[in-house]
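One structure below.
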Amino acid sequence: MARFVFITGGVVSSLGKGLASAALGSLLQARGYTVRLRKLDPYLNVDPGTMSPIEHGEVFVTDDGAETDLDLGHYERFTGVAARKTDSVSAGRIYSNVLEKERRGDYLGKTIQVIPHVTDEIKEFIRIDEDEVDFMLCEIGGTVGDIEGLPFLEAIRQFSQDKQLGQCIFMHLTLLPYIAASGELKTKPTQHSVKELRAIGIAPDILLCRSKDNVPKKEREKLALFCNVRPNAVIAGPDLSTIYDAPLNYHHEGLDQAILNAFRISPAPRPDLTKWKDVSDRFHNAEGEVRIAIVGKYTQMEDSYKSITEALTHGGMANRIRIIIEWHDSEEFEKKASSTVLSGSHAILVPGGFGKRGTEGMIMAAKFARERKVPYLGICLGMQMAIIEAARNVIGISDAGSEEFEQELTNDRLVPVVFHLKEWIQGNYKIERHVDDDKGGTMRLGSYNANLSEESRIAQIYQQTRIDERHRHRYEVDIKFRKKLEKAGLIFSGMSPDGRLPEIIEWADHPWFFGVQFHPELKSKPFDPHPIFADFIRAARDVSRLV
Ligand code: GLN
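Each number in the numbering used here comes from the position in the sequence shown (counting from 1) with 5 added on.
The following block contains the structure:
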């Protein structure tokens, strides 16, 4: 029988609720329990796949092909549990399910209402596979008081009543602002937030208070008294120099003990925190640093590349190297000389993206890396741009481009070396797509196999020749140009099992130049860095030692 922890947020957003949930998951695992984390988001998009990364941050893709909130990335990075389609839901998806059922006649004769129809749909989602784990951690997106969040809060209130006494607890994450003029940490916003929660029938068992520094005893006691929680259930969450200290820090603060107390689990199993001590040690005791240039089109919002920056940090941990990221907007980059911008970097990463804007800058970055022999990692769009660069500047197809940019081009001589994929195989099924299909959920999404050429450098990096990686794209490199490019030294070292879709390319005559059609960053963990990122940072370190 699973126990449920519902995590809500108050006062302001962006306090790190996803991270705190993920860290709690890892602490429960450290005590020997199995966990699963879920995110319930109140926005009306059916999933975040159609939202701008600049507005909502990165879209995290699961093995089974769901486009989800970036918090699922934190969950995976901290617990190592692969998220599934059924771990993320939005109000848009809930309402769309309810309306579909209504049209089908499932509620025939009834008036459809938020309570009970929408709340029942939410509860049904929370219950999926509930008995697989010891603890199910469900995070409610947004902040208490948001209009859209109300059906979700009502649903979790009902849910706790449907379950046995003591099977569900509530953790509320808030902010204690510091007022410099009076030198005080303020508890009032938290008191109001808890009051608001209690007005809708939810009494938090645990208060997790984010603050700049530690929370003194006086403020803890005040919060316990005014918010009606036990003093040792007021947990401080001061800012940390790395998110990977969060498990150790929350443990030190007594979070996992407070959770077990709230469930009346006694005696509590002893935690084994060796893994997190090692991760923290690798981060804090680096023996050098490298500068990695990221040339991308969504650089004004670092959350757009959350998994990439985390995977770089993991690669740094694998090599005991600190990572300094230099952000370059690829559109701005087009106006400058590559050498003035990139000559101080030890490696270059061109990440994924959509649409033509900024892609010429990415092509310039790939050219610079190829010619100057700087380590280059092109991810998805970053691989496609490396191919276009090779086609234009190495084998002389001066009009090489991608079909993705066709409508935006004035040049109708475009030679598509990257084309719109219309059908492919997934498992035993053939998937078909058309140019005018809906945009939501129609890309090549989720985990696909690739075969790596024996003896290739990429096979050495992976230490195997069959890999599984997550995809999220509509366009593909055309193998029509393979022979010509290979003659010029660009090896197609990873291919889809049917041999039609290039998955990995590498320049033979280059110390470290790879393009990958998939997103390796999505599977990297601090305690299990992705081999591509670990080797990329090793190559960058080698460059840093030369200069
Ligand atoms: N826009 C490209 C495509 O759809 C690349 C996508 C990506 O980088 N994730 O194929």
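Heads up, the beta-carbon is just placed ideally off N, CA and C, and yes, glycines get one too. Remember, predicted model here, so these are calculated numbers, not experimental data.
How would you label residue i, buried or exposed, when you count the other beta carbons within 10 angstroms and need 16 or more for buried?
i      : result
Lys372 : buried
Gln166 : exposed
His3   : Only positions 6 to 552 of the chain appear in this structure, which leaves residue 3 out of reach.
Ser350 : buried
Arg129 : The residue you asked about is not Arg; residue 129 is Glu in the sequence shown. Exposed is the call here.
Gln522 : buried
Glu258 : buried
Tyr112 : exposed
Ile131 : buried
Gly401 : exposed
Asn433 : exposed
Asn454 : exposed
Ser343 : buried
Val554 : The structure shown has nothing for residue 554, since the chain only spans 6 to 552.
Leu490 : buried
Lys302 : buried
Val10  : buried
Arg550 : exposed
Gly23  : buried
Glu226 : exposed
Ala186 : exposed
Ile510 : buried
Arg375 : buried
Can you tell me which of the options puts its alpha carbon nearest to the alpha carbon of residue i?
i      : options                           : result
Ala160 : Tyr38, Asp442, Pro53 and Thr13    : Thr13
Glu189 : Lys223, Phe532 and Val10          : Lys223
Ala298 : Ser187, Thr55, Arg203 and Gly383  : Gly383
Gly97  : Pro156, Arg82 and Ala88           : Pro156
Asp134 : Phe541, Asp92, Arg475 and Gly150  : Asp92
Val123 : Ser101, Gly494 and Lys90          : Ser101
Arg82  : Lys361, Ala316, Asp334 and Ile240 : Ala316
Gly15  : Asp74, Gly146, Thr55 and Asn456   : Gly146
Asp261 : Leu33, Asp473, His535 and Ser335  : Leu33
Leu45  : Ile99, Ala35, Val346 and Gly85    : Ile99
Gly62  : Ala263, Glu365 and Ile313         : Ile313
Lys217 : Ile211, Pro243 and Thr192         : Pro243
His524 : Thr84, Asp473, Ser498 and Pro380  : Asp473
Trp517 : Leu354, Val220, Lys492 and Met369 : Leu354
Ala370 : Pro534, Glu126 and Thr345         : Thr345
Lys427 : Lys435, Thr318 and Ala352         : Lys435
Val300 : Asp136, Ala539, Asp283 and Lys341 : Lys341
Gly171 : Val220, Ile264 and Pro121         : Ile264
Glu126 : Lys106, Arg418 and Glu508         : Lys106
Gly360 : Ser335, Lys378, Phe486 and Tyr381 : Ser335
Glu508 : Pro531, Ile484 and Gly321         : Ile484
Pro194 : Asp210, Thr148, Arg479 and Ile174 : Thr148
Phe486 : Ile174, Asp540 and Pro421         : Pro421
Ala87  : Val552, Arg543, Ala539 and Ser529 : Ser529
Using 8 Å as the limit for Cβ to Cβ distance, is residue i near chain D?
i      : result
Val149 : Among the chains of the structure shown, chain D does not appear; only one protein chain is present.
Our contact map puts residue i next to residue j with C-beta atoms below 8 Å; I'd like the distance itself, whole angstroms only.
i      : j      : result
Val64  : Pro53  : 5 Å
Ile59  : Ser309 : 6 Å
Ile496 : Ala513 : 5 Å
Arg295 : Arg546 : Looking at the sequence provided, one finds Val at residue 295 rather than Arg. Contact holds; Cβ gap of about 6 Å.
Leu386 : Gly406 : Actually they are not in contact, since the Cβ atoms of Leu386 and Gly406 sit about 13 Å apart, beyond 8 Å.
Val138 : Ala267 : 18 Å between Cβ atoms; not a contact.
Asp69  : Lys90  : 5 Å
According to DSSP, residue i sits in a beta bridge with which residue or residues?
i      : result
Leu180 : Arg215
Lys485 : Paired residue(s): none; Lys485 is not in a bridge.
Leu495 : Trp512
Val295 : Ile328
Met141 : Phe9 and Arg41
Gln431 : Tyr434
Cys173 : Phe9
Val94  : Leu45
Thr73  : Phe65
Phe519 : Leu382 and Glu511
Ser452 : Arg475
Val239 : Leu212
Phe424 : Glu481
Gly14  : Leu178
If you measure from the CB of residue i, is any heavy atom of the ligand GDP nearer than 7 Å?
i      : result
Tyr310 : Annotation note on the ligand GDP: not contained in the displayed structure, which lists the ligand GLN as its ligands.
Legend entry - Stretch pair the segment 72–89 + the segment 18–32: three plus CB contacts closer than 8 Å: The answer is yes - the segment 18–32 touches the segment 72–89, with three or more Cβ pairs under 8 Å.
Inset, instruction - Give a yes or no on contact between the segment 273–290 and the segment 321–337, applying the rule of three or more CB pairs nearer than 8 Å. - result: At 8 Å Cβ cutoff, the stretches touch.
Inset, instruction - Specify whether the segment 274–287 and the segment 216–234 touch according to this definition: at least 3 beta carbon pairs, one from each stretch, less than 8 Å apart. - result: Verdict: no, contact absent.
Inset, instruction - Tell me, please, whether the segment 28–44 touches the segment 140–155 by the rule of three or more beta-carbon pairs shorter than 8 Å. - result: Yes, the segment 28–44 is in contact with the segment 140–155.
Legend entry - the segment 193–206 touching the segment 167–185, judged by at least three CB pairs closer than 8 Å: In short, these stretches touch, since the Cβ pair count reaches three.
Legend entry - Sufficient close CB pairs (3 or more, under 8 Å) joining the segment 440–451 to the segment 327–337: At 8 Å Cβ cutoff, the stretches do not touch.
Inset, instruction - For the segment 433–442 and the segment 453–460, state whether three or more C-beta atom pairs, one from each stretch, are separated by less than 8 Å. - result: In short, these stretches do not touch, since the Cβ pair count stays below three.
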